[in-house]
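Heads up: the sequence lines are chains A and B, in that order.
Everything in the first sequence is counted per the working numbering, starting at 1 for the first residue and increasing by one.
Everything in the second sequence is counted per the working numbering, starting at 1001 for the first residue and increasing by one.
Cβ coordinates follow ideal geometry from the N, Cα and C atoms, glycine included.
Just so you know, these numbers come straight off a predicted model, no measurement behind them.
In what follows, a structure is listed as structure tokens, so that the remarks can point back to it.
Protein chains: 2
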Amino acid sequence: MSLAPQPDQTDQSNQPTQTDQWFDLALDLGATTPLYRQIADQLIAHITSGALPAGTRLPPTRLYATRLQTHRNTVVRAFDELARHGWIASHVGRGSFVREAPGLPLGPGPDTDPFDPEGEDGELRPEPEAPRRRAADERAAMPWSRLRSRAIESEPLLRMQRLSAPPADADTINLARMQASLDLMPHEDFRVCMDHVLRSLGPEALSYAPSPGLERLRVQIANELGRTGIACSPDEILITSGSQQALDLIARGLVDPGDAFVTEGRTYSGALNILTISGAEVLAVPGDAEGPEIGALEALSARRIPVVKGVYLMPNSRNPTGTSISARRRVELVAWSREASVPLIEDDYGADLILDPAAPPLPALRALDPEVFHVSTFSKKLIPALRVGFIVCPPTMRGPLTRMKHAMDLGTSAVLQHALAEFLERGLMAPHIAKVTAAYRERRDALVGALRAYLPDAIEYEVPSRGVVLWLSLGDLDPEVVYEAAREHGVVVSPGSVYSLGAVTPNASRSDAAKGASAAGLRLAFCAEPPARLVEGARRLGKAMDKLLSRRYSARRTELFGA
Amino acid sequence: MSLAPQPDQTDQSNQPTQTDQWFDLALDLGATTPLYRQIADQLIAHITSGALPAGTRLPPTRLYATRLQTHRNTVVRAFDELARHGWIASHVGRGSFVREAPGLPLGPGPDTDPFDPEGEDGELRPEPEAPRRRAADERAAMPWSRLRSRAIESEPLLRMQRLSAPPADADTINLARMQASLDLMPHEDFRVCMDHVLRSLGPEALSYAPSPGLERLRVQIANELGRTGIACSPDEILITSGSQQALDLIARGLVDPGDAFVTEGRTYSGALNILTISGAEVLAVPGDAEGPEIGALEALSARRIPVVKGVYLMPNSRNPTGTSISARRRVELVAWSREASVPLIEDDYGADLILDPAAPPLPALRALDPEVFHVSTFSKKLIPALRVGFIVCPPTMRGPLTRMKHAMDLGTSAVLQHALAEFLERGLMAPHIAKVTAAYRERRDALVGALRAYLPDAIEYEVPSRGVVLWLSLGDLDPEVVYEAAREHGVVVSPGSVYSLGAVTPNASRSDAAKGASAAGLRLAFCAEPPARLVEGARRLGKAMDKLLSRRYSARRTELFGA
């Protein structure tokens, strides 16, 4: 490594001698140090030794990945770390360069995080410049990068950040946000309920709530569920801070690090995040038009190690596809679950959001089996700021999960639970649901009409009969490229790559077909914008796609016939 | 492996031929499969092949560890897995045996949980009989006891349940509850703030909050902290659902399973719970009158394995003792932290609850070092139902912790954050603090006076100058026996055993002295009852102790002189 490569190498052809030096890295697959960190450490060593002087352009991550026989994401992660710590600077389209003053403080300073997650479902907002230390700190820097846990550095969390920046300005149309637009919020009813609670209960409403949640709220929820065919007692219900915490609780209650958890090939990104954080190995099960394939589930659970601790499913209006699991497949899933001793986790975030009243009713998994964890929330159908969700627990799991919940946060806010219970007791939910489903139906129809009008013919989608999202199959267009192009055209969408772990988890059992299917699409949400803006969003998206396709067409033509 | 060892081998001497067969395991250090699982898999293979028939006693884990040149914990983990899954049974003192019907589900039935946690700080309430299924369910039972994680079954959670039942009736006096009595709750001010927020902001108050928390609230908190000597920017603050979630976040952000985390010998039970759940090995550091001993911390951090990821401290009005760490020790702690590269977590739940205004001011650890995690909450000093706490993060940790928080629950309720910000902006906090500290001072004095009057002379305590708890040193009385006797006399206290992990975590480094000191006491909280009931509580407690002591006295006399 004494021969330094030329700074700012402009010749991009393969130059074996020089690139071999850049690539003078050795990965130790048996080490406990993660591969990305091994790469980063060795590049830092080359930079500090002078082997890679300031200004040197590093070869593309793709080449590193090929040479090191590792996944490109691993190299991207290493580069991200180096950039975060000030060793290299990356410029889109130009590549990554060794920085002038490499490796300055890993402690406070450049090791700040320019983004912070924001809002629902992974929206992120650029953060004002992080505060720099007033005066130079003489003390030894705290080595945060080696103190952080694997969980907090996990790939899904970083990816969400990269792919979920919110709209830059008010003109940008948001087809990514899974939150009702403000005009659909029942704020006045809620204000009246809250005021009544605080006036009538006074300080009692402000105490700690019982850990399983308020009895009056659990009674209301059990009643609501009864109307949808789920017979349960209030004593089987555990109140949580939204369904997100419900999933966290269940994951922590079941998963020991290294256990397996199964999801569909495409699934809710928040579930992938929380399962990854729990230390589970997340396995994707292939599916067909009706739902997950039972044969594939049998194959997964037949392997004794790792133990499969659960299957996470969204039977109704799946996020991100908007489709539902068939009634027949639900029955088969429940039978398989008991046979294989693998619990099912049913996330019914979109309960009641039925857009086509004529659609055939589908039984909840929990209605078919009391050993199913049934998770739902009032965030999507009522008020996000409530942060009230719940689990209908398998009876013997309610006690242990309640202990865990108590240990995690001493219980969900009593005053919010009282206000929600008041809202339900006054019978305000049914009219609210009628109002929002009518609005969502109108929005869905507006969006679908505009997609028909503006999207290239190659793009396919299914019209959802429930929920607030639909899925565009992109064929051979790269979802992240479409996502970027759409942003440039003033519309934000959700690229398919956040809905599967793709190649991040090395797992031989995952079929490549399932992987491909996962990524090649976009999710469009039609709840956060009024109909006119949805139509305009579809027009902009179509324009972005047309541009990508025509660019590709001319590239192919050049390839075939010359410029 | 064709020669099977003798079932239930009773000769414990080293028998090379046979043990070599038991040890016929090969570890692949380069594999992605964890070592413990490699061991477990190979033992399962030997069991199913018949090489290790039912009844065979396995050699001790220590021997396996020596032969395999791996850590004993790895083998223990493998054995735990095998036991959980029914392949082997372990009996303390006798060893581990291959089971008769290996690998069968452990089954439901008695696997129910009779209690549910309830209320603050570990109060628990017996649950009505868990609802049994209406009709016999023909399907295979779900084997929950082997599906549950180690975290949810951890000893501290179970112990809290056993020792934290709330008072049986209204006459019982509660010296266990760390929540202000209802007359100190600022419910009318809060109602006005909440109503203003909902009227003036309307639906905006009901959206998802930004993941780091509302800017307006973070500005207020930064201002409040500035007044107490902690200079921080709103961008270093992360809003959490109470300080309990703050601790959970930090633990998850730092701890990989098997890492160590240090606490004082006696510390907040909720911290012990959350650290245990995170998979940390919790180490207790011995202390003196000023605080944790620096020499002992140096010894802990000098060991490279396990890596110490943090030290959890409550410098002010420690829970459970009510004492504070000296100013000098604080400076030493911060210097050690930087030197050893071990972060400090400062839990200042009782900030502002200064009962003796003349007491010398103590600098926050965070005021001494920006790399300290400073955690606090509005639950204790304002309103429990707010469930709003915060972390002042080391600058480079705010981004990663925010991502983690977002993954866990999509953010803390916006409407509660708005209402709290409104409360702070209106300047209502200072008068509220003045009111409650005056009340707590009066309550402390009433309790201390009554303890002097009613408690046996052998019982020692220190009068706290901050916070809402004090600690009774019981000498050679057993705290759990006193706890039970007190309940019988109509007063609930908190036995010392919930404030240390005691012998639960096998840990050679923990001094037995520290263990003993941890357990031999009771915590009394004087915030939840008015002065007159505190006095009556002390009288009942004294009566219970007198009875125990006189019973013991007569037992000794009988022993010495005969009946």
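Query	Result
Classify L147/A as helix, strand or coil using the three-state DSSP reduction.	helix
Between the Cα of D369/A and those of L386/A, E488/A, E346/A, E293/A, spot the shortest distance and give me the residue it belongs to.	E346/A
Measure how close the beta-carbons of P363/A and M1142/B come, nearest whole angstrom, since I'm counting them as under 8 Å.	Not a contact, Cβ separation roughly 19 Å.
Could you tell me which residues DSSP pairs with P495/A in its beta bridges?	L522/A
Let me make sure I understand the geometry here. Which of P156/A, H46/A, S90/A, Q38/A has the alpha-carbon closest to that of P60/A?	S90/A
Along the alpha helix (DSSP H) that carries W87/A, what are the first and last residues, could you check?	From DSSP, W87/A is part of no alpha helix (DSSP H); its letter is neither H nor E.
Could you check the C-alpha separation between R1199/B and R191/A for me, to the nearest Å?	8 Å
I believe I47/A touches V98/A by the beta-carbon criterion, under 8 Å. Please report the beta-carbon distance rounded to the nearest angstrom.	6 Å
Could you tell me the distance, in whole angstroms, from the CA atom of D1546/B to the CA atom of T1276/B?	37 Å
Alpha carbon to alpha carbon, what distance is there between A1419/B and H187/A?	15 Å
V469/A to Y312/A, Cα distance in whole Å?	19 Å
Might you give, ordered along the chain, the residues of its own chain that have their beta carbon closer than 7 Å to the beta carbon of S326/A, omitting 5 neighbours on each side?	E290, G291
Between V1463/B, G1521/B, Q1220/B, I1383/B, which lies nearest to Y1483/B when the distance is taken from Cα to Cα?	G1521/B
In the DSSP assignment, find the unbroken alpha helix (DSSP H) run with T402/A in it and report its ends.	398-409
Which partner residues of G1287/B appear in the DSSP bridge assignment?	P1292/B
Taking the straight line between their C-alpha atoms, what separation do you get for M429/A and Y349/A?	15 Å
Alpha carbon to alpha carbon, what distance is there between C393/A and D1116/B?	Caution applies to D1116/B, whose pLDDT of 30 falls short of 50 and renders its modelled position unreliable; the value that the coordinates give is listed next. If I take the Cα positions, the gap works out to 13 Å.
8 Å is my cut-off, CB to CB: does L1420/B come that close to chain A?	no
For I1277/B, return the contacting residues in chain A, with the cut-off set at a CB-CB distance below 9 Å.	R252, M404, A407, M408
When burial is assigned at 16 or more other CB atoms within 10 Å of the CB, is R1603/B buried or exposed?	No statement about residue 1603/B is possible, as the shown extent of chain B runs from 1001 to 1563 and does not include it.
Looking at chain B, is there any beta carbon in it that lies within less than 8 Å of the beta carbon of T412/A?	yes
Between P203/A and I239/A, how many whole angstroms is the CB-CB distance? I'm expecting something under 8 Å.	That belief does not hold up - the Cβ atoms of P203/A and I239/A are roughly 21 Å apart, past 8 Å.
Below 8 Å on C-beta distance, what does H1046/B contact in chain A?	Here the premise fails: no neighbours, minimum Cβ distance about 14 Å.
Going by Cα to Cα distance, which pick from A1271/B, S1278/B, N1273/B, T1267/B is closest to P1286/B?	T1267/B
Under 8 Å between the Cβ atoms of S379/A and R387/A?	yes
Residues of chain B with a CB under 9 Å from the CB of N316/A: which are they?	Here the premise fails: no neighbours, minimum Cβ distance about 20 Å.
What separation, rounded to the nearest whole angstrom, lies between the Cα atoms of D1171/B and S1494/B?	18 Å
Can you give me the C-alpha to C-alpha distance between T323/A and G496/A, rounded to a whole angstrom?	15 Å
Is P1394/B near the ligand FAD, going by C-beta to nearest heavy atom under 7 Å?	As for the ligand FAD, it is missing from this structure, which has no ligand bound.
Does any residue of chain A have a CB that is nearer than 8 Å to the CB of S956/B?	Chain B is shown only over 1001 to 1563; residue 956/B falls outside these bounds and no answer can be derived.
Short of 6 Å in beta carbon distance, which residues of its chain neighbour H1374/B, apart from the five on each side in sequence? Order them along the chain.	E1346, R1366, V1392
For G389/A, count neighbouring Cβ atoms within 10 angstroms of its own Cβ and tell me buried if that reaches 16, exposed if not.	buried
With a CB to CB cut of under 8 Å and the five nearest residues on each side skipped, what residues in its chain are close to S1181/B?	C1527, A1528, E1529, P1530
Give a yes or no on whether 8 Å exceeds the smallest Cβ distance from E984/B to chain A.	The question about residue 984/B has no answer here: the residues shown for chain B are numbered 1001 through 1563.
When you check each C-beta in the stretch 353-383 of chain A against every C-beta of chain B, which residues fall closer than 7 Å?	P370, E371, I383
Give the straight-line distance between the Cα atoms of T1437/B and M1185/B, rounded to the nearest whole angstrom.	13 Å
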